[in-house]
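Chains as they are written, first to last, in our numbering: chain C, 3 to 76; chain E, 7 to 343.
Just so you know, even glycine gets a beta-carbon here, dropped at the ideal spot from N, CA and C.
Read the structure below first, then the notes.
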C-alpha cells in the first residue's frame, strides 16, 4: 500500500519520494490543494480496488494520516 | 473523407438539456462535415430529442447513462459517486482518448473537480484554470482564471499566461498581448499576488507581456489575454454580464418611452442588433479549462443551441491546431527545467 500511495503522490504532485515522510503535509510541504488529495486517493483506489469514504479524505493533512486512513480500507 | 474529429457532448448538462444540447449538436453536424458527435445522456429524453431531426447517423453516436449530476450536488462527491453520469462518462472517454474533446453546460464545480480528478492535468501544470472569452470592442479577450483557483500563487499566474499564449495562438492565429489585471498601470500598484507576479511575467521572454491592465480597459480590448486569480476573474465576468444586461434593458426601455424614440428605435434596430451580436458571448462558444490532458469546454448553464454549435466549432479549431499536444510540449519543457 505504501508503494502505491507514494507512487500516486509523486505522479500527481511531481515530487520525489525522498521529499515524503510520515509528517509531510500535503498542502504546506508539497503544495497540494484539496483536489490533488482526492486525485491521489482516487489513483490509490484504482490501484488497490478499494473505495474510500469522502469524509475520511477531508480529515487527512499528512502522509502518515493518509496511510493510516487507507489501511482501514485494506 | 478526411479523418473525423470526435466530440463528446454531455447531453444532460445545463438548464436547457437535452433539447438545446441535441439541437446544437445536430446543427454543428450539418455545418461541419469533419465532425462526429457522441451524445452522452439518459436514453429516453435523448432519443426523443434526436427523433425530431434528420441527420447523418454515421456521424452521431449515443452513449446511454443512468445518472445525472445536478447543480446542487457536491462537486467532488458527485464526480466520485455518480460514475454513470453523463458528465463523468464523457470525461472518462476524453481521458481514454476515445473522443478528441468534450463539451458540457453542466455544473461548473463538478466540471472543475472532474477535469482534474478524471481527465487530469498535463504534467508540469500546477493548476487548471477556466478561460472564458470576453467579447470586446476589437474582438475578444481571454480571461484566465475566471473560477477555478481563488487562491492562486505567482507561479500559477505565470502558467496561466503561458497557457493563454498557446490557446490564443491556436484559436486566433496570432501572438497575443498579455496583461495582468491590476488596480493601476504602474508596476508598483496592486496586491501582493500581482506585485510578486509582475516581475516574473516580465522575465518570460516567450510571451508578449504588456504590463498591467485595469478592468475598465478590458471591454475596449486593451489586451488579448488578461491574467488574474479566479476570485478577481469571476467578479469581472459577473460584472461584465450584469452590466451588459442592465445597459441593454435600460436602452430598450429608453427607446420605448416616446413616439419619437420608438421611430428612432425602428431606424437603429438593425445596426444595434449587429453591434450587440459582437458582444454576445455565445458567438464564441464556451470557456476552455486549460492545462488538462484533453480539451474540455464549459458552456453557460443556460446554453442555447447556438452556443453548443459554436462550442463544437471552437473544439474543431483547437483540435486542428493540436492544442493539447502544444500544452504538453510547453510544460514538459518546464518540468525538465
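Task: Neighbour flag for residue 116 of chain E against chain C, beta carbons, 8 Å - done: no
task: Output yes or no for whether 8 Å exceeds the beta carbon distance between residue 134 of chain E and residue 145 of chain E.
output: no
Notebook entry, point to check: How is residue 62 of chain C classed by DSSP in three states: helix, strand or coil?
Noted result: Coil, per DSSP.
Review point. Going by the CB atoms, is the gap between residue 108 of chain E and residue 302 of chain E shorter than 8 Å?
Key: yes
Q) When DSSP builds the beta bridges, which residues end up paired with residue 136 of chain E? A) E/295
Self-check item: As assigned by DSSP and simplified to three states, the class of residue 5 of chain C
Solution: helix
- Compile a chain-ordered list of the residues in the region 73-93 of chain E whose CB is closer than 7 Å to at least one CB of chain C. 82, 83 and 86
Check your understanding: Is it right to say residue 180 of chain E is buried, meaning 16 or more other beta carbons lie within 10 angstroms of its own, or is it exposed?
Key -> By the 10 Å Cβ count, residue 180 of chain E comes out exposed.
For residue 92 of chain E and residue 170 of chain E, I'd like the C-alpha separation in whole angstroms.
Cα to Cα, residue 92 of chain E sits roughly 29 Å from residue 170 of chain E.
Q. Quick one: is residue 129 of chain E near chain C, going by C-beta distance under 8 Å?
A. yes
Who are the neighbours of residue 56 of chain C on chain E, taking C-beta pairs under 9 Å?
80, 82, 83, 86 and 87
Kindly list, in the order they appear in chain C, the residues whose Cβ is closer than 8 Å to that of residue 123 of chain E. 37, 40, 41 and 44
Quick check for students: name the residue ranges of the beta strand (DSSP E) that lie wholly in the region 185-244 of chain E, counting only runs of 3 or more. With a minimum length of 3 residues, the continuous beta strand (DSSP E) runs that stay inside the region 185-244 of chain E are 214-220 and 231-233.
Out of E/86, E/84, E/110 and E/36, which one is the CA nearest neighbour of residue 18 of chain E?
Ranking E/86, E/84, E/110 and E/36 by Cα distance to residue 18 of chain E puts E/110 first.
Could you tell me if residue 256 of chain E is buried or exposed, where buried requires 16 or more neighbouring beta carbons within 10 angstroms of its beta carbon?
-> Around the Cβ of residue 256 of chain E, a 10 Å sphere holds fewer than 16 other Cβ atoms; the residue is exposed.
Measuring from the CB of residue 149 of chain E, is there a heavy atom of the ligand SAM at a distance below 7 Å?
-> Among the components modelled here there is no ligand, and therefore nothing to report on the ligand SAM.
>> Quick check on residue 51 of chain C - is its C-beta less than 8 Å from some C-beta in chain E?
In response: no
Taking residue 300 of chain E and residue 320 of chain E to be in contact with their CB atoms under 8 Å, please state how far apart those CB atoms are, rounded to whole angstroms. That pair is no contact at about 14 Å.
Next on the checklist: Checking 8 Å against the spacing of the C-beta atoms, do residue 231 of chain E and residue 152 of chain E come in under that value?
Outcome noted: No, the pair does not count as a contact, with Cβ atoms beyond the cut-off.
Practice prompt. Would you give the residue range spanned by the beta strand (DSSP E) that residue 110 of chain E belongs to?
Written response: 107-110
Using CA atoms only, rank isn't needed, just tell me which of E/78, E/66 and E/159 is closest to residue 39 of chain E. E/66
Measure the Cβ-Cβ separation of residue 27 of chain C and residue 63 of chain C and say whether it is below 8 Å.
yes
Test: residue 119 of chain E CB closer than 8 Å to a CB of chain C: yes
Return yes when the Cβ of residue 30 of chain E is within less than 8 Å of the Cβ of residue 306 of chain E, no when it is not.
-> In this structure, residue 30 of chain E does not lie closer than 8 Å to residue 306 of chain E by Cβ.
Per the contact definition of three or more C-beta pairs closer than 8 Å, is the region 158-174 of chain E in contact with the region 203-219 of chain E?
yes
Quick check for students: name the residue ranges of the beta strand (DSSP E) that lie wholly in the region 110-171 of chain E, counting only runs of 3 or more. 139-142 and 145-150
CA-CA distance, residue 21 of chain C and residue 8 of chain C? 10 Å
message = According to DSSP, simplified to helix, strand and coil, what is residue 60 of chain E?
response = Secondary structure at residue 60 of chain E: coil, using DSSP grouped into helix, strand and coil.
query = Who are the Cβ neighbours of residue 75 of chain C in its own chain at under 6 Å, not counting the five residues just before and after it?
reply = Around residue 75 of chain C: 52 and 54.
>> Three Cβ pairs or more, each shorter than 8 Å: is that satisfied between the region 26-42 of chain C and the region 123-133 of chain E?
In response: yes
Just to confirm, are residue 268 of chain E and residue 278 of chain E a CB contact at a threshold of 8 Å?
no
_Alpha-carbon to alpha-carbon, residue 315 of chain E and residue 11 of chain E_ = 14 Å
DSSP on residue 19 of chain C, reduced to helix/strand/coil?
helix
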